[in-house]
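Asks: Heads up: the sequence lines are chains A and B, in that order. Residues 1 to 281 (my numbering) make up the first sequence, in order. Residues 1 to 281 (my numbering) make up the second sequence, in order. Every residue gets a Cβ at the ideal spot worked out from N, C-alpha and C, and that includes glycine. Quantities reported herein were computed from a predicted structural model and do not represent experimental measurements. What follows is a structure written as structure tokens; I'll ask about it next.
Number of protein chains: 2
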Amino acid sequence: MLELRLVQGSLLKKVLEAIKELVTDANFDCSSSGVSLQAMDSSHVALVALLLRYDGFEHFRCDRNRSMGMNINNVSKLLRCAANDDIITLKADDDSDTITFMFESPKQDKIADFEMKLMDIQNDHLGIPEAEYQAIVKMPSLEFARICKDLSSIGDTVVISVTKEGIKFSTRGDIGSANIVCRQNTTVDKPEDSTTIEMKEPVSLTFALRYMNSFTKATPLSSTVTISMSSDLPVVVEYKIAEMGYIRFYLAPKIEDDDEGYILEEKSFSFLLTQVWSFAR
Amino acid sequence: MLELRLVQGSLLKKVLEAIKELVTDANFDCSSSGVSLQAMDSSHVALVALLLRYDGFEHFRCDRNRSMGMNINNVSKLLRCAANDDIITLKADDDSDTITFMFESPKQDKIADFEMKLMDIQNDHLGIPEAEYQAIVKMPSLEFARICKDLSSIGDTVVISVTKEGIKFSTRGDIGSANIVCRQNTTVDKPEDSTTIEMKEPVSLTFALRYMNSFTKATPLSSTVTISMSSDLPVVVEYKIAEMGYIRFYLAPKIEDDDEGYILEEKSFSFLLTQVWSFAR
DNA sequence: CCGAATGTCA
DNA sequence: TGACATTCGG
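Printed below as a string of structure tokens:
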């Protein structure tokens, strides 16, 4: 028996809005410690990792570990049928190949339940090593989203460079080039408006803006975002989910070919894992 | 001479928005008692009945009964030229084959008039018998609209079942099934937020969601909607128009074929009228 | 959190 | 051209 009750149902709605652009099908892995999900985008360049800890739910029961495959678009459709202030409960019997989404209005005068078939999804679960990052930047998530959106109207890729002074986003396209620098500022009224930089060494990496813009769909989940970078490692873009966990996006950097001097396509993620993360371990 | 003056012109705008998706051409029947309209949708499955009583107008003059055929889309186009706070006056000479729409701004500093040709429309006016309904549910119109919209992302048809406990909307589609139950609740702050059920006998009928969603275009006309059902009778979905009348939508239920066990297409409305309403009389 | 307006897709 | 979805503003 699986039974998860989440009073703040809007959280789950936001989580699905955050990942549905990137992921088509994914396994929701449920255990006594919570719910997690790990999935690559269709081109295997970006990876999403979601964690919702058991203690973030008002009620959490998971008798046995289960990996429940779902079509993300269908889950998203169902969750759109929930109001933002609905209480959401997920239920699945141990031997069932369906899951039930239950939406209760705050006054309990409307109760909706949706039953959805589960799918078998081949699990290409990657062990993500805990890496040491040369630079970790925390900044307002809205600002980051705005920057990625703005830059993508100029170019396709962004060079993110971190120095002690700040984080710089640069792009270049047909109509010209752009640089946006955010300085470290901790002397701000609210902590969520501050930009902080923890840096061991300056880093500069290049990414496809298309993916960055997909990541920013998670903006409603958190007022801040954390960007962790090391040379040749995938960047980690993390949105904390209050009291529950996080959603992390990993994106392989575009590698500059030394001989040719131009930028190669992204390495596929699994390639990067074996080739790059191997020496990071 | 026909002359109708309506200070709250937005009402007329909303009425046309409510019916234009369903009806292409219709006769506006004017008599000393008011304006009424009855029209079927193109597939003859749904019927719209509108009543605007004479005393809801600030000025009402109708010297002789007239049935004025109009293309609903064209009327809608004209009315979009009126601001929401405009005063609307309709005028037609007795021997004229045109009607004039006049829009006055509240301060009388702008006056627009539009003349439109009337059409001859063959009148298949149906006498709608007053029926006794097994169940009458009043609920917030927004909630009803939301439910119909949500369910139509899952399936094509809805089963509406009324019991003493509440009204249940169910559907089923490729990705799964859904049930939404609204309990009777009269203990709510505002009467327009309450859901009330008058039931003589439990009823359960199946309808095409496509039409239900068209009906909910009338939501701006009233904060509540009334759903009246009896076995094998068309459902009546009614939106009251404050101080003036109503707009009612009738929809034939889909009939389950006992022999075959599957759901037939909707009966055409005229068929239903003769076959089903005949014994209701 | 809801309603309106805009932009996109069919 | 109309309907739907998404986005912005109150």
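#1: Inspect the beta-carbon positions of residue 183/B and residue 195/B and report whether they are closer than 9 Å.
#2: For the stretch 29-45 of chain A against the stretch 216-225 of chain A, do three or more pairs of beta-carbon atoms, one drawn from each stretch, fall closer than 8 Å, so that the two count as touching?
#3: Could you confirm whether any beta carbon from chain A is found closer than 9 Å to the beta carbon of residue 181/B?
#4: Determine contact between the stretch 184-191 of chain A and the stretch 141-150 of chain A, defined as no fewer than three beta-carbon pairs at a distance below 8 Å.
#5: Could one say the Cβ of residue 195/B lies closer than 9 Å to chain A's Cβ atoms, at least one of them?
#6: At a Cβ threshold of 9 Å, is residue 212/A touching chain B?
#7: Suppose contacts are defined by Cβ-Cβ distances below 9 Å. Is residue 45/A in contact with residue 211/A by that definition?
#8: In the DSSP output, what is residue 27/A paired with across the bridge?
#9: I need the boundaries of the beta strand (DSSP E) containing residue 81/B, first residue and last residue.
#10: By the 10 Å Cβ neighbour count, where 16 or more other Cβ atoms means buried, how is residue 243/A classified, buried or exposed?
#11: Given this structure, state the Cα-to-Cα distance separating residue 279/A from residue 128/A, to the nearest angstrom.
#12: Which residue wins for smallest C-alpha separation from residue 120/B, given the options 90/B, 100/B, 66/B?
#13: Output needed for residue 265/B: all residues of its chain with C-beta closer than 6 Å, excluding positions within five of it in sequence on either side, in chain order.
#14: Beta carbon of residue 40/B, beta carbon of residue 47/B: below 9 Å?
#15: Is residue 41/A near the ligand FAD, going by C-beta to nearest heavy atom under 8 Å?
#16: Say whether the stretch 162-177 of chain A touches the stretch 5-22 of chain A, bearing in mind that this needs 3 or more beta-carbon pairs closer than 8 Å, one atom from each stretch.
#17: Are any of the Cβ atoms in chain B nearer than 9 Å to that of residue 17/A?
#18: Roughly how many angstroms separate the alpha carbons of residue 101/B and residue 30/B, rounded to a whole number?
#19: Between which residues of its own chain and residue 23/A is the CB-CB distance below 7 Å, once the five residues before and five after are set aside?
#20: Could you have a look at residue 50/B and say whether DSSP puts it in helix, strand or coil?
#21: To the nearest angstrom, how far is the alpha carbon of residue 247/A from that of residue 43/A?
#22: Please report how far the alpha carbon of residue 154/A lies from the alpha carbon of residue 180/A, in whole angstroms.
#23: Hey, does residue 153/B have any beta-carbon neighbour from chain A nearer than 9 Å?
#24: With a Cβ-Cβ cutoff of 9 Å, do residue 139/A and residue 75/A count as a contact?
#25: What are the residues of the stretch 26-60 of chain B that lie near chain A, defined by any Cβ-Cβ distance shorter than 9 Å?
#26: Within the 9 Å Cβ cut-off, does residue 291/A reach chain B?
#27: I'd like the span of the alpha helix (DSSP H) that includes residue 145/A, first residue to last.
#28: Would residue 150/B count as contacting chain A if we go by Cβ distances under 9 Å?
Replies: Reading from the atomic positions:
#1: yes
#2: no
#3: yes
#4: no
#5: yes
#6: no
#7: yes
#8: 69/A
#9: Element bounds for residue 81/B: n/a, residue is neither H nor E.
#10: exposed
#11: Here the model assigns residue 279/A a pLDDT of 39, short of 50, so the residue's position is not dependable, and the following value carries that caveat. Distance between the alpha carbons of residue 279/A and residue 128/A: 13 Å.
#12: 66/B
#13: In this prediction, residue 265/B has a pLDDT of 49, which is less than 50 and means its spatial position is unreliable; what the coordinates show is noted afterwards. So no residue of the chain qualifies.
#14: yes
#15: Judged by which ligands are present, the structure shown has none, so any question about the ligand FAD falls away.
#16: no
#17: no
#18: 15 Å
#19: 39, 41, 48, 72
#20: strand
#21: 19 Å
#22: 12 Å
#23: yes
#24: no
#25: none
#26: Absent from the structure is residue 291/A, since the part of chain A shown begins at 1 and ends at 281.
#27: 141-152
#28: yes
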